[in-house]
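*Asks:* Before anything else, here's the structure in question.
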Amino acid sequence: MNPFTRWWEVTRREFLAGLRRPANWVLLAIVGFMAWGLSEGSVTIGTGGSGVDAEQPHITSVFNQSMIQCVIIMVIAAWFLAISCGMVVIRDLELRVVEVFHSTRLTPREYVWGKFWGPVGVFAVIWMFFLAFSMFMAHVVRGAGASDVVGDFALGNYLVPTLLFGLPQILLFAGVPFFLGTWTRRPILVFAFPLASILVTMTFLSTWSPSWLSPDVNRLLMLFDPSGFRWLNETFLTVDRGVEFYNTASLQPDVGFVLSRVAFALVGLAAVVAAARSYARRMLAGGMELRFLRWLRRLRWLRWLWRRRTPVSAPATTSKATVADLGMTTRPIGFWKAARVIARSEIRDLVVRPGMYLFVPLILFQVLSTTVLAIGPFNSRILLTSGALAVNQLNTLNLLICFLLLFYTVESLHKERSRRLHEIFSSTSVGTGAVLLGKTLGNSVVAGFILLAALIGDAVMIVWQQLFGGSPVGFDAFPFLATWGLVLIPTFIFWTALVTALFALFRNRYAVYGLGVGLIIYTVFDLQTGGSLTWVTNWLGWGVINWSDMGPFTLHGTPLLLNRLLYLSLVPLLVALSVKWFGRQDFDAMGIIHRIRPKPLLLGTLRLLPFAAPAIILASFLAMKGESGYEGDAADEWGEDYWRKNTATWTDFRMPSVSHVDIDLDFEPAERSVAVEGEYTFYNHRDYPYEKLPITAGPWDPIEWTMDGESYVPDDRANLFVFTPDEPLEPGDTLTIGFSYDFVFMEGMSKYPSGAGEFILESGIVLTAFNPSFAPVPGYLPGIGVDGDNSSEPRDYEDDFFEGETEPLFGWGGAPFTVRTRITTPEEYMANGVGQKVSDEVVDGRRTVEWETDHPVSFFNVIAGKYAVSEGEGTAIYYHPEHDYNIEEMTAALDAARKYYSEWFYPFPWELLKISEFPAYAGYAQGFPTNISFSESIGFLAKSDPLSHVAFMVVAHEAAHQWWGNLLTPGEGPGGNILSEGMSHYATTLLHEQVYGDRYRMEFSKRLEESYGDGRFVDSERAMVKTDGTRSGDGTVTYDKGGWVMWMLQQEMGRDNILAGLRAFIAKYNPDPDFPVIQDMLAVLRDFAPDTTAFDDFAAQWFHAVVVPEYELSDVTKVQEGEGWVVRGTVVNAGTGRMRVEVGAVVGGRWSDEGDDRGRTVVAEGYRDARAVVEVGAGEAAEFVIRAGFEPERVVIDPDVLVLQLNREAAVFEW
Amino acid sequence: MLAIKNLVKVYPGPVAALQGVSLEVPQGMFGLLGPNGAGKTTLMRIVAGLLEPTSGTVHFNGEDIVADPRRIRRQLGYLPQDFGFYPHLTGESMLRFLLVLKGVEAPDGVKHLASELLDRVNLSYAAKRKVKGYSGGMRQRLGIAQALAGDPKLLVVDEPTAGLDPEERLRFYRLLAELAEDRTVLLSTHIVDDISVLCPRMAIMYDGRFVADTTPAEARGRLAGTIYQGVVEKDDLERIDRDYRVTQAILFEGRNEVRIHLEEGPPPDGFEATEPTLEDAYLLLAQANGSGNASAVGEEAGS
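Protein chains in written order, with the numbering used here: chain A, 4 to 1218; chain B, 392 to 694.
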């Protein structure tokens, strides 16, 4: 028999054994399920048009397959491959077959390579099945029905990604764990490698890409990312190249990336070579530890150590005593004592094994680094508070420790068997329950140790931030104890019990690994993709905490507690099953057949019923309450009913104006209830009479209605109440409709652990009049009840839709109105409404505050909490007393906004502009007139460093809505929202420049630009005058591009001209029955443009078409001429659009941090630049010549960040 | 008294490891002899409560071991055929751990008891060394120490002397003999000497059945005057084997020392009558099992 035959025999045997292993069948089922699921087209590249006939990205394209394959292999296959390869030699060692093998002519090298290729071969078969099944599902099964997402069949589209992304990962995740297992012979290290790789890759290498990351570091990370996803994403996907490109282009890797793939493959193979060497050496020379000891013994200065050792050989027999002399007796060991002894043994075992020292730092690094590197709104850093840290780390800790507990529990339960102690161990009188409890307690030390270490790490970070980062935030243990204790501890107890029960049932560690890993992956995948896990089914406790420093657990306290109790209540059942099934005694196969007969099965089930009863009761209660609560089917039904009964009749109905709102609100936050009494005065501002007036109410019952002071019963059309006055409401007439009711907001229990946009809670109150959440809304609301069954086609707007009167985009329509709000709450609350506070009284522990508008508004809200107040110049910020970290910056921003926006756009007409904080159950901010609502997660808990000024930025944007949104309410239709959001971004840009100078304006502009580059959908994007929010990518066009284009228009028109134009624009439309859109604004601004031709050209490009330049530099040279330097080069516009753009030859860093007082711009000494201007159209090139009186270090296109462009980082040339 | 009745164990395959065996084991040492695969270990594991039988009962002092294996664990000392220990623990720590799990107590405490037990198996010198550094014999002795611990009423030892050197083997014989004075010791082995030295009673298993339930003396006595020993040349061995029932044939220095069983008629030339050994009895039984004639050696056991 030749070496090849021997190798082949080992490979073949291992391959066939692998085919029989349950874990591989689990993997086969998972990849089959994924191939089936992916063929639905739910995972595609984010590109393509949004219209019915628009081309869609193909699931079969090489780019889509690359994206899918590199992630699937990394996230799922790596586990199975690493474990099956890493354990293969360990298993043989446990079975003690290797010495027999090597008594034959089989060499260590033949054995090792055979053992390696066996499981790799099995994985290759499974992967081929995945590819073949994917092809079959896409091209055969789905082909006809899903033709819009299925392209022509091309084998290369499947094989190229496998070769480029799959093969290197396969070899890496097979080779390295194989080496670790062969070298150390410790399973825990085999598990450590894929765990570490997946964590580091998925949370850092593949995905971490803040806007400030240097391109060189980015490139380096691409090469070090084993999945290859970062390279794929950053090279092809981040900036949308259009659906045609993704569907037809071939994937062309660069040399560096190919070399990195080859390197990963070689690392895997080199690991196998190292494993073969290690194995061969060990067979000859004993274990690693023995060799280490031998090495130690050679060290002279350690000789004293060896002299003190006990003798190694047996002395002559001396004892003549008998066993009876020992006086031994036996007493049954107590349960707790046994558990304690076993736990101690487990802990001792953990302490001497390396896994703990590997996993704990790894997990700590992962948890702490992801928290420190966490990115908030606008790529800002997040302020590290105890609550934010505890909750941000919750899911990561949960997931990682569950994986760890899976490994440790299974290995611990299998330990006696793998060390052949199980028969002695099982024959002792110690109870099975005590054994399992002891092992569980022992392993729980790992979880406890990690939690403790994470807690200490967090405390250190917070204190460090406080001492050296100037942070005002101190450490508070309560959020950690409350959230980790409530969520993690029950999960770990349940999970350990479940894993133990599975092990007891299957008695096969690989089956338990397969099921455990599968269950975790399924759960997290389902939860992350907006799946269906409710309070009943969310066993992991994933995302169940919506933390607020303003009052934790006030949103989901009861269902969260019941969810935790549910899974704790399952523990006795799982323990009972574990104790019953745990393998102290090997079952008789015939006995199993006997046991699964119906009668014994039924009896067995009945015996377990008392254990299952609490869980059944809790699950039923949670399910029932969830269904009957505000997220249940009943709650959905009224909305659907509302839509079905009214959409055809009332969608195009235009309401008369409301001229005055008078409303009394009496809140009981602890009970989530409010009593409402109020009236709306309608004024017919139109030129036709109204016979009927519809008003939408919430699910409040009963509602007492009045009309002109008389009790009235309107026609109830599923909560659209239709009023029919005795006489039609003639033009210019008024009508008063009154209402009173009380209700519990978010009545009942939630079904899902999601946040809430509006709420009445003990921690705070946020309610808006946009929706019938607390007050009736005039007219029919087409957004209510819309779902898969109830939906309408988006309205198709004609090009001249804005001619004549345009309805408002939001608010109640008609002219602005006055509001008086009287709000009663418990004394400790401060309730804010729109307008000016006219009274504030406390009677019998109840505070009543009255607000009146001193200038009309178009919508209103109510917000309340237990606040401290910071007052500025005509401004106030109401905040949670512990959230004073950014108050100074926010107050300064609000003052600056009020002052400068008044100068630039329109005088602020109200007396007071205030911001009120609300609990972070929602993460938005809304600029209601005079009464801006701010989530605590925005601004208040941002780490507002000088580069980001994020608190300033958010306040500036939201304050700008007082002008762009309130004083000028945009019209309904395409482009309307840009007058709100885009203009607010533009105002923020201006305020940055005003307050902090050029440096920070440029930083802000770059962030918007990058957000646009990342978020745009090339095929979906329409001109700004056509952007209506219905297509993918419309958000970034509305916000980021909108703000940027206005900034560029300012360069075109001149600052004074555009501001004058904008003042005229607001003055014209405030108030006006015609609500403006972009075209209206352009018409006004044009009159202020110094060069109308240039203005028209600009508007044609940026407002009426879709363009975006992408500049590149080529042929750049510098030559010394006399005392100066001449720089020549070419600017190429690889994008679209024609713009004049500056090219700068630069030396030195531009900005200085020296003397940078409170983040204001200071130009660095030594910085010099010389510039030229080029105008480059789409696809064109323009040469430039720059004469500089210094030797330049680099050439920068658009050094002042004045032209919106893609890939700005590539528009730099450095010598 | 250990009473085994109609015990059947069928492994998937199916392989009938025990084919309805019955046996009564009185107090004292009882030997279980049989070739590899006879079902000895299966029987021992069932008796130790580690393996569920397909059918049948096992009672010890009236307690049903099959119905509730926990009952036997309190009274059991068990030394399996194949076992290991936690490698990172020292011998003493490992033993102490097992003593605690067994609920063993002693006047001077468990720690002292562990030392004493290690002394009984001559392992004191290695008490502080980690088990992973133990030789096979040392591990076997540690196994014996744990099996002896706790004054078990039933001691089940499966191949206990495997891996022991002659001196340790004798030490173990002495320990077992001492223990067997007031308890039941079930000793499974295929080493005939172990049985002949230690066991007043024995049973021989073959192919999942008891083929004899007897005493070593009885087994030997039944063969009295029927065993002859002689030395034959290599060429004559085939003829002797054909014409007589050869119990043993050992090649020694190029010549065959042959023992034959001959109930009547003259022995071959050069053969003289000799004392029968238990090995003769065992080997004859093994041969007879194929022909179904086992009565020459011992009472046929119930099966």
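By construction, the Cβ of each residue, glycine as well, lies at the ideal position given by its N, Cα and C atoms.
1) Is the beta carbon of Lys400 of chain B closer than 8 Å to that of Ile437 of chain B?
2) Whose Cβ in chain A lies nearer than 8 Å to the Cβ of Tyr525 of chain B?
3) Reducing DSSP to helix, strand and coil, say where Glu855 of chain A ends up.
4) Give, in chain order, every unbroken run of the beta strand (DSSP E) that is at least 3 residues long and sits entirely within the segment 847-935 of chain A.
5) So the alpha helix (DSSP H) Lys400 of chain B belongs to, where does it begin and stop?
6) Helix or strand or just coil, what does DSSP make of Phe656 of chain A?
7) So the beta strand (DSSP E) Ser766 of chain A belongs to, where does it begin and stop?
8) Specify whether the segment 504-514 of chain A and the segment 441-456 of chain A touch according to this definition: at least 3 beta carbon pairs, one from each stretch, less than 8 Å apart.
9) Which residues mark the beginning and the end of the alpha helix (DSSP H) in which Leu564 of chain A is found?
10) Would Val550 of chain B pass as an interface residue toward chain A - the criterion being a Cβ-Cβ separation below 8 Å?
11) Just curious, the beta strand (DSSP E) that Pro829 of chain A is in, first and last residue?
12) What residues in its chain sit with their C-beta under 7 Å from that of Tyr903 of chain A, if we drop five residues either side in the sequence?
13) Measuring alpha carbon to alpha carbon, tell me which of A:Val515, A:Val34, A:Ser87 ends up nearest Ala20 of chain A.
14) CA-CA distance, Thr1213 of chain A and Pro977 of chain A?
15) Do you know offhand how far Met131 of chain A's Cα is from Leu489 of chain A's?
16) For Leu675 of chain B, which of helix, strand or coil comes out of DSSP?
17) Against chain B, with Cβ distances strictly below 8 Å, would Asp352 of chain A count as a contact?
18) In the DSSP output, what is Val406 of chain B paired with across the bridge?
19) Of the choices B:Gln620, B:Glu443, B:Arg562, B:Pro607, whose alpha-carbon is the least far from that of Ala536 of chain B?
20) Taking 8 Å as the CB-CB limit, is Ala497 of chain B close to chain A?
21) Under 7 Å Cβ-Cβ, which residues of chain B neighbour Asp591 of chain A?
22) Going by C-alpha to C-alpha distance, which of A:Ser660, A:Ser572, A:Pro562 sits closest to Lys628 of chain A?
23) Can you list, in chain order, the residues of its chain with a C-beta nearer than 8 Å to that of Leu1223 of chain A? Leave out the 5 residues immediately preceding and following it.
24) Quick one: residues in its chain with C-beta nearer than 6 Å to the C-beta of Ala664 of chain B, no 5 flanking neighbours on either side, listed in chain order?
25) Per DSSP, what kind of secondary structure is Asp573 of chain B in: helix, strand or coil?
26) Just the Cα atoms here: how many angstroms apart are Phe762 of chain A and Leu558 of chain A?
27) Should the segment 784-792 of chain A be regarded as contacting the segment 955-965 of chain A, the criterion being three or more beta carbon pairs within less than 8 Å?
28) Excluding the five sequence neighbours on either side, which residues of its own chain have a C-beta within less than 8 Å of the C-beta of Ile173 of chain A, listed in chain order?
29) Helix, strand or coil: which one does DSSP assign to Trp545 of chain A?
30) How is the beta strand (DSSP E) around Gln620 of chain B delimited, first residue to last?
31) Return the first residue and the last residue of the alpha helix (DSSP H) that Thr1095 of chain A is part of.
32) From His105 of chain A to Gly35 of chain A, what distance separates their C-alpha atoms?
33) What I want to know is whether the C-beta of Asp1201 of chain A ends up closer than 7 Å to one or more non-hydrogen atoms of the ligand FMN.
34) For the beta strand (DSSP E) that contains Gly1132 of chain A, what are its first and last residues?
35) Beta carbon of Phe614 of chain A, beta carbon of Ala638 of chain A: below 8 Å?
36) Quick one: Cα of Thr933 of chain A to Cα of Asp803 of chain A, how far?
*Replies:* Checking against the coordinates, here is how it stands:
1) Yes, the pair counts as a contact, with Cβ atoms nearer than the cut-off.
2) What Tyr525 of chain B touches in chain A: nothing, since even the nearest Cβ is about 11 Å away.
3) Strand at Glu855 of chain A.
4) DSSP runs (the beta strand (DSSP E)) wholly in the segment 847-935 of chain A: 849-855, 864-868, 871-874, 878-882, 916-921, 928-931.
5) Membership of Lys400 of chain B in any alpha helix (DSSP H) is not indicated; the residue belongs instead to the beta strand (DSSP E) covering 393-402.
6) It is coil, neither helix nor strand.
7) For Ser766 of chain A, there is no enclosing beta strand (DSSP E), as DSSP marks it with neither H nor E.
8) The segment 504-514 of chain A, when compared against the segment 441-456 of chain A, does not touch it at the 8 Å Cβ threshold.
9) Counting along the chain, the alpha helix (DSSP H) containing Leu564 of chain A begins and ends at 560-584.
10) Reading off the sequence, residue 550 of chain B comes out as Glu, not Val. It does not; no Cβ of chain A falls within 8 Å.
11) Where Pro829 of chain A is concerned, the enclosing beta strand (DSSP E) stretches over 821-829.
12) Cβ neighbours of Tyr903 of chain A beyond the five flanking positions: Leu994, Gln997.
13) Minimum Cα distance to Ala20 of chain A is reached at A:Ser87.
14) Note on identity: in this sequence residue 1213 of chain A is Ala, with Thr being the wrong assignment. If I take the Cα positions, the gap works out to 33 Å.
15) Here the alpha carbons of Leu489 of chain A and Met131 of chain A stand approximately 44 Å from one another.
16) Leu675 of chain B: helix per DSSP, three-state reduction.
17) Yes, contact with chain B.
18) DSSP output for Val406 of chain B lists B:Tyr402 as bridge partner(s).
19) Residue B:Arg562 is the option with its Cα nearest to Ala536 of chain B.
20) For Ala497 of chain B, the answer is yes, since a Cβ of chain A falls inside 8 Å of its Cβ.
21) Residues of chain B with a Cβ closer than 7 Å to the Cβ of Asp591 of chain A are, in chain order, Glu443, Pro444, Thr445.
22) Looking at the Cα atoms, A:Pro562 is the closest of the given residues.
23) Residue 1223 of chain A is absent from the model: chain A starts at 4 and stops at 1218.
24) For Ala664 of chain B, where only same-chain residues beyond five positions count, the Cβ hits under 6 Å are Tyr619.
25) Secondary structure at Asp573 of chain B: helix, using DSSP grouped into helix, strand and coil.
26) Rounded to whole angstroms, Phe762 of chain A to Leu558 of chain A spans 9 Å at the Cα level.
27) Put simply, the segment 784-792 of chain A does not touch the segment 955-965 of chain A. Fewer than three CB pairs are less than 8 Å apart.
28) Excluding residues within five positions, the ones whose Cβ falls inside 8 Å are Ile76, Ala80, Leu84, Val123, Phe126, Ala127, Trp130, Gly271.
29) Coil, per DSSP.
30) For Gln620 of chain B, the enclosing beta strand (DSSP E) starts and ends at 618-623.
31) Unbroken alpha helix (DSSP H) run through Thr1095 of chain A: 1095-1105.
32) Cα to Cα, the separation comes out at about 39 Å.
33) Summarising the ligand content, the structure contains no ligands, and the ligand FMN is consequently not present.
34) In the DSSP annotation of this structure, the continuous segment of the beta strand (DSSP E) that includes Gly1132 of chain A starts and ends at 1127-1136.
35) No Cβ-Cβ contact shorter than 8 Å links Phe614 of chain A with Ala638 of chain A.
36) Approximately 34 Å between the Cα atoms of the pair.
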